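Protein chains in written order, with my numbering: chain A, 1025 to 1192; chain B, 118 to 617; chain C, 2 to 634; chain D, 16 to 115; chain E, 2 to 503.
Idealized CB from N, CA, C, for every residue including glycine.
Since this is a predicted model, take the numbers as computed values, not measurements.
The structure appears right after this line, and notes come after that.
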Amino acid sequence: MEWVVFIPAAALALAGGVGVVVARQPVHSAIALLVVLVALAVTYLLLAAQFIAALQVIIYAGAIVVLFLFVIMLLHARSGEGPVPKLPRQPVAAAIVAALYLAVLLVAVLDASAPFPPPPEGFGEARQIGAALFAGFLLPFQLAAIILLVGIVTAVILGRRPEGEEER
Amino acid sequence: MLSVLIALPLAGALLVALIPREREETIRRVGLAVSLGALVVAAWLFRAFDPASGEMQFAVRVPWIPALGIGYAVGVDGISLLLVGLTAVIFPLALLGSWGSITEQVKWFTVAMLSLEGAVFGTFLALDLILFYVFWEAVLIPMAFLIALWGGPARRYAAIKFFLYTMAASVVMLVAILALHVLGRRLLGERTFDLEVLATMVLPPGVQAWLFAAFALAFAVKVPVWPLHTWLPDAHTEAPTAGSVILAALLLKMGTYGFVRFGPMLFPEALPASAPLLAALAIVGILYGAVVSWAQTDLKRLIAFSSVSHLGFVMLGIASLTEQGLQGSLIQMVNHGISTGALFLIVGVLYDRTHSRQIADYGGVAALMPRFAVIFTIVMLSSVALPGTNGFVGEFLILLGAFQTSTWWAVLGVGGVILSAVYLLWAYQQVMHGPQAARHPERLVEVTRREVLVFAPLVALIFLIGVYPKPLLDRSEAAVQAVLNRLDRPAMAEPLRRPR
Amino acid sequence: MNDVVIRVGWPLMLVWPLVGWLANGLLGGRLPRTASGIIASGVAGASFATALLVASAYRGVAAADAAVSFPIPLFDWLGAGRLTVEASLLVDPLALVMALVVGGVGFLIHVYSIGYMADDPHPSRYFAYLNLFVFAMLLLVSAGNLLLLFVGWELVGLCSYLLIGYWFDRPAAAAAGRKAFVVNRIGDAAFLLGVFLLFVALGTLDILEIREGVATLSGAERRLAALLLFAGATGKSAQLPLHIWLPDAMEGPTPVSALIHAATMVTAGVFVIARLDRLFLTAPEALVVVAMVGALTAFFAATVALRQHDLKRVLAYSTISQLGYMFVGMGVAAPSAAIFHLVSHAFFKALLFLAAGSVMHAMHEVIDMRRLGGLARPLRQTAGGFVIGALALAGVPPFAGFFSKDLILEHAFAFGLRTGNYLPYALGLVTAAVTAVYITRAVLLTFSGPPAEPGARPHEAPPVMLWPMAALAVLSVTGGLLGASVAGAPLLRFLDGLLGLVESGAEAAPHPPAGLLLGLSVAAALAGMLVGWRAHRGRRDPVLGRVGVFLEQRWYIDALYDRAIVAPGHTLARWLAGPFDLGVIDGAVNLVGRGLGALGGQARRLQTGYARQYALGVLIGTVLILGYWMLRW
Amino acid sequence: MVPSFAYLALSAALFTLGAMGVLVRRSALIIFMSVELMLNSVNLAFVTFARMHQSIEGQVVVFFVLVVTAVEVVVGLALIVDIFRSRESVDVDDVDLLRG
Amino acid sequence: MIAPPPVPILLIAPEVAVLATAMVVLVADLWLRPERRDLLVGGSVLGVVLAALLGVTLPDGVGFADRYVRDGLTRVGQTLALAAIALGILVAPEYLRRLRMERGEYYALVLIAGAGAMLMAASGDLLLLFLALETLSIPLYVLAASRRGSVRSQEAGMKYFLLGTFASAFFLYGIALLYGAAGTTRLAGLADFLARGPSSLAAAAGVGLLVIGLGFKAALVPFHTWAPDVYEGAPFPAAAFMSVVAKIAVFAALVRVFPLTLGALAGQWTVLLGVLAAVTMIVGNLAALAQTNYKRLLAYSSIAHAGYLLVGVATATPDAASAVMTYLAVYAAMGTGAFAVAVALERGGQEADRIEDYAGLAERAPLLAAATALFMISLAGLPPTGGFIAKLGIFAAAVEGGGRGGLVLALIGVLTSVTSVYYYLRVPYVMYAGQPGPAVASGGISSGGISSGVGGPGGAVRLHPSPMVNLVLLLTAAVVLQMGFLPRTIIAFAQQVGALLR
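Shown next, in the form of structure tokens:
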């Protein structure tokens, strides 16, 4: 019964993924990314990870993709690629290596997959994650805060208009 | 007492480093004073040394890095005593000899020379394998800088080649030292690099062969044994006079010293097994060095190849593993240091005057510089191993030793004695004899008092050792005896028919 | 008392020339020019006097024929393990005879040199070397063990090098000096090998111990040791094949040629064989080799002397020839006879050389016989001396040469009787004749007939040169008595005490017809002079066609050496030094260096600067690691 | 019941797609998005394993991954804007001053 | 109501101290007038010293659901990280003021990155390890790009960021796979799982991906390509700090993950790490042969040193682990020192980063030249210096523990060190033999592509003596010499790590 939901979500995710990689205009790939994120959120629901699915939609789709769109607008149309392709042989090589990597990864993943046991009561609820956050994961939590701080500091530093003399 | 011998020059180097660059006179005097101080200590050591005992004397053993099992262990025995003496004599002369020729950056020159002296002392006195390796490498840095900064036109190439060639071989020895340490820990249960402790180990022949090969490679490059010799001519032609003297007189001996010190102690089976190969290479070295130097046009290159030939003799003596052979090679190390050191000083005298080392630029110099001609003759004769000079004593003992091991070694070796006369006399004649043909005759002024002062001790030693070598031979006899006992080779069976 | 005189006198004899060397060497520069000559001669004389003193003391101690050896240990020289070498001297009849000859002739030549070197700017260097040579020769003669003997052996080689190249500004002299030293060195190398063999076999180098220990050596060892020592002797005494240096050695001052290359050094080879006579006499095969080489060399040198134009070279080849005789003497087990010939040869050959020297002195360094001639009248005393020497050389009785050469021929014949090998005797006889021819040619070309260059006004040599020649002339005449049986052969009896032991055995062999041999050798001498007179009367010098050229070219041996040894040696050296050493070995080393540099360049090209390629690199690395990893896991 | 391998296969596919994106595209923005894609695929894997092991840890890890991704986007975009301001282009291949 | 769990704050006191200092610096930066900025430096160093004191005195323990492990390795790792932070801060001010980059944020970022490194050394849990890695990496990306207005610095930052995030994705996927296989991200749990049955391919892939993530950060070959470009672009003090702190953190983590946790499965991973080490040593040293830029030279040298360190990790014996920590201590000193030398030099407003810029420096700045010579000799591993003793320790452990493979690694190590002597000693040679002044005509240098005679752009190399840089030089030189002559204290300190393994 879950297949009915999983198939389209997976298809959407893959299509979005390809869209991100292939789209000429950055705006299109941003939207494709949005599609992938939403599709993933659906799969999270299937995997009894309601809170995470919610987070995914709110933070990822909401904040990060919006930030991307904002920057794309800021850089106008020129945010695309330059006319001259500098590394001709790169795509072919990348394809081959990526395929190999996928094969290896699939083998690894296959070995790790096991049947799903029935989900325990209240699994994936916000309450359960919240409790875990402040019990077992207290230190990582604090550290996450620090990382966020660094993000802010970076934005301030790199955003500031350079006072030093311009050096082409 | 031995640590003073090592520390004094190093302290001197530090002291000179502090003196401001302009006061060149004081720098030179301090440098000379320090090396003379080392000479006094060495002289005291020479006298206080007890010739009877073959054991290490004045030994000092202090743990340095206990975690890795490395200790500061120094000691002297018959074998290293001669070389320590030679070092103490050569350095002051080299310093005095370069007062005229080294003008710029005198301070760094003196610092390099004094640190070199400390490192060379350390190499000859170290008993701990890692300490030996540290001094063995430490010698490379000042020597390479001596060549690189005060050398001739292609000095950089020569310095790099000298440094990397020697170091590449000696790092392989380092790995062998580490392997020995590991075996020591496994077989003896001791965490040590001390030579005398590791020597008690009985190594399986297979392992011993490999380890000896690593040690032998490092020493062979330094000796230099043919075909690993190609760095020597370049290093000599480009090094300043003082550098060449030290390189020829002392650094080459570290290779042969290595063979004598570490061969029998650590590899009692591997050394005799590889002795024929060493002897073969030595003989090739003797003949090859002599023939090639006959075709040289540059005086220093000629002397460099002659060193290859002379060191070939020393190696032949060692490879013979007989009493006479070993003692002959020990004393020949000292002799070669004196005669080749003097030869380089002689080339230095000529180079300081006309800035040319090409034989073609000279001719009939004997008429212009008669006193110089006398000195050159004496040194040349010592180099040709004329009886009555020091060269003969060494060469006679070596060939005698070689003869006892295999007649063919001696027959080929004696060929070297003939060839050495050929090229050295040829060179002497091209430079000194014949009609006056030097390019700058007006500059070839007679040797100055200071230069004579440099040559006087060397000439005295040439005759002293030539006429009365007993003091040197007696001091090294006990140590050589100990070495041969280790190789459990009976000293040549006492011939039955000794009439007296 | 005599004992003390011997023990102190003998080393003192050595010290005199050493003091002379040091005096002239160090103070030479400051001494007035003539003083150094006088000091040197004085010292040589003192040394000769001391030798005489020791000889007389020795006569007092030793009974007439009993040979007594006095070893005189000086100090412990060298010790390495089992080898302990004492610097010790040895007094015995052989050493005494040699010392007297060296001392006597040496003194005379020193005096002669004062005159000869009169116009040399700083003769102190010359006299220092001369004194050093006398010291070295006496050391060689008096050494108590083979090593010290070898020291003397090479020191005389050094002095000959220094003296030949005395006028070093002349390239020919310098080259000749070097050639002498190198060729000697080849001989010394063989000698050294012989010394090693003896030491390894007997465990000692002391001459007395060797003489006693020889019996214990195996036949092969004795033979090999004897041959090696003989090879050394050929180097020093310029026998075939190592004779090439002696003719060139004439570049040196003539007194040097007289002293070193006639009387003393070149005889060292003969002395060594006599010194170790026990070894040689007990190795018959080796003796045969000695005899044959001696005979061949004698014949070869004599024939070459026929066609030499330089008077001193004629005398040089004559010396080689006479040395050949001495070796024949040794070879036929007649060491005393050989020594007797050595002594007489020293007298008349020195005389001939000194005479040649005064000719050069008179004719301003000209020695080429074609430019001489008609000197009999202006140089009467010199000519007289030369003729006496010539007669002695030719072996005309009653001169010294006749007695000593005839004695050797006699023993050679006895040797022929004993072993059936008459070659030494035959060659000896023919050589005697040829000798007479070339010496007559020399006399005629130099002294008789009209002067080739009338312009030169030769003046007779000063008395200081003439007196020594006169003394030698007397010795050349009376020298024969030393060994002549009619006069009781005092020298032979004196030597036989030491060397004669084995010989007595030979005596029992069939006795050679002494009278017949005597006649034969006199006939040979006279015939030779007659031929010489007829061929070269009035300074004619027939070319003798291709044979003459062959002889003139010294049987093309020198050319052979140059083309077979020297030239290829040079090319080998140049090839080894250039293409092989620099190219191959050094090339390999540089190759490693450049190779690493190139690799470095490659690794550097990896850094393209494009971030995306770096990312590809990361992915490739990942795939490799995972792939490898999971296979092994 | 959808087997866990399906989810994991999807995650691997997305990851590889993201990797391809980084290697192929030359616009920095697209590359960033591809990286986001890769990180999201990791999240999917974590959630799947959490479900498999019935341990909430997997999902908590996803929470932290989200945080880190957010910061990375901030830093990345800040860098892009900074470079754009001085170079008028966002093409990664123009950025090749440093090499050798 | 969820009762808040007791927080063992004492356990992580050093990290807290450092992070607190970072906060203080950030805030204080707003009030202080530009010329009073040295106070910030003082404050930061004070914080670091306080953290160090805490670190050394605190007892061992495990906390935060045993994600945070304080043991010998942590103590040594954290002390070294703190030293790196201190040096990183001290070396910066003069340089920043000269190029008008003087900002409080720089010090804050250094402190935070340092804290990340400290946590990496102490994390017993893969998630915490990942977060600590990010805490370390992100500030470094920014520091690389912190040279405002310099195109090269921006490029460096961009490249570092792009490849950094790319690699961290792989690292994360590795953690996911391990979590998938073992059910927990804690190293202890992982060890138990693998001990029970090491057959799981997923776990193998996971560990492999971990190696890639950490390998990238330590710039091991083939993940090293970013390092030369980033080092060249980044400002000198940042480059100095990056090269040292990243190595300390990564290798502390590697020692904890591999020898400590996966010790039982040594058979599997020692060969892989050994091969990686060999390749890194060879490529790192060879590429450095042809370098003309001082910073790129140091970049390749740091790659090579990563190779030597990996030899220690690959040998997986107690001695090897302590040898790694000793090597890290010495590398921190000589690495920072080598960079610090260049900080004081400046040519026409630009960094003097071409080797020929240092020609003839010995005349003008003898002490600086002597210090450089010392660092170069130590980096090359020549006897009288600490570098030699450190390498000796590593190779001795390799020969002893590594069996035949160890012997091969040691041989490769010593032989590549010989090639390193060539490019290291070129710098002091140029200093002593070259002619000073703009027209750099240091004749004779034929190889290595240094074009002689080319005048550096923008006039002569000017020297800016600054007390702090001199202090750094003094400290680092002292450590190198002390390690060379009397290494007992440092080695003893590092022995704590070996003790863990025994």
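Collapsed DSSP secondary structure at residue i in the structure displayed
{"i": "W216/B", "result": "coil"}
{"i": "M484/E", "result": "helix"}
{"i": "Q155/E", "result": "helix"}
{"i": "V503/C", "result": "Reliability fails at V503/C, whose pLDDT of 46 lies under 50, so the model's placement of it is uncertain and no value is given."}
{"i": "I535/B", "result": "helix"}
{"i": "P180/B", "result": "strand"}
{"i": "D563/C", "result": "helix"}
{"i": "R257/E", "result": "helix"}
{"i": "A146/E", "result": "coil"}
{"i": "R187/E", "result": "strand"}
Cross-strand partners of residue i (DSSP beta bridge)
{"i": "V462/E", "result": "R348/E"}
{"i": "N294/E", "result": "R355/E"}
{"i": "V63/E", "result": "V70/E"}
{"i": "N58/D", "result": "DSSP output for N58/D lists no bridge partner at all."}
{"i": "N146/C", "result": "D207/C"}
{"i": "D369/C", "result": "D311/C"}
{"i": "P504/B", "result": "T506/B"}
Range covered by the beta strand (DSSP E) that runs through residue i
{"i": "S89/C", "result": "L84 to V92"}
{"i": "Y611/C", "result": "Neither: Y611/C is in no beta strand (DSSP E) and is coded neither H nor E."}
{"i": "T190/B", "result": "The question names Thr, yet the displayed sequence has Ala at residue 190/B. Taken as a continuous stretch (DSSP letters only), the beta strand (DSSP E) holding A190/B covers I187 to V193."}
N- and C-terminal bounds of the alpha helix (DSSP H) containing residue i
{"i": "A81/C", "result": "Taken as a continuous stretch (DSSP letters only), A81/C belongs to no alpha helix (DSSP H), being part of the beta strand (DSSP E) at F71 to A81."}
{"i": "L230/C", "result": "G220 to K237"}
{"i": "V431/E", "result": "G404 to A434"}
{"i": "R365/E", "result": "L362 to R365"}
Assumed close pair residue i, residue j - CB separation to whole angstroms, cut-off 8 Å
{"i": "I245/C", "j": "V290/C", "result": "No, I245/C and V290/C are not in contact; Cβ-Cβ is about 20 Å, not under 8 Å."}
{"i": "F30/D", "j": "Y174/E", "result": "6 Å"}
Is the region 460 to 473 of chain B touching the region 577 to 584 of chain B, taking contact as three or more C-beta pairs under 8 Å? The region 460 to 473 of chain B, when compared against the region 577 to 584 of chain B, does not touch it at the 8 Å Cβ threshold.
Using 8 Å as the threshold, is the region 213 to 229 of chain E in touch with the region 153 to 171 of chain E, meaning 3 or more CB pairs across them? Two segments are said to touch when three or more pairs of C-beta atoms, one from each, lie closer than 8 Å; by this definition the region 213 to 229 of chain E touches the region 153 to 171 of chain E.
Evaluate the contact criterion for the region 223 to 234 of chain C versus the region 90 to 108 of chain C: three or more CB pairs, one atom per stretch, below 8 Å. With the cut-off at 8 Å, the region 223 to 234 of chain C and the region 90 to 108 of chain C do not touch.
Tell me whether the region 134 to 142 of chain C and the region 264 to 281 of chain C touch, counting them as touching only if at least three CB pairs, one residue from each stretch, are closer than 8 Å. Touching, yes.
When the Cβ atoms of the region 358 to 373 of chain E are set against those of the region 396 to 411 of chain E, are three or more pairs found closer than 8 Å? The answer is no - the region 396 to 411 of chain E does not touch the region 358 to 373 of chain E, with fewer than three Cβ pairs under 8 Å.
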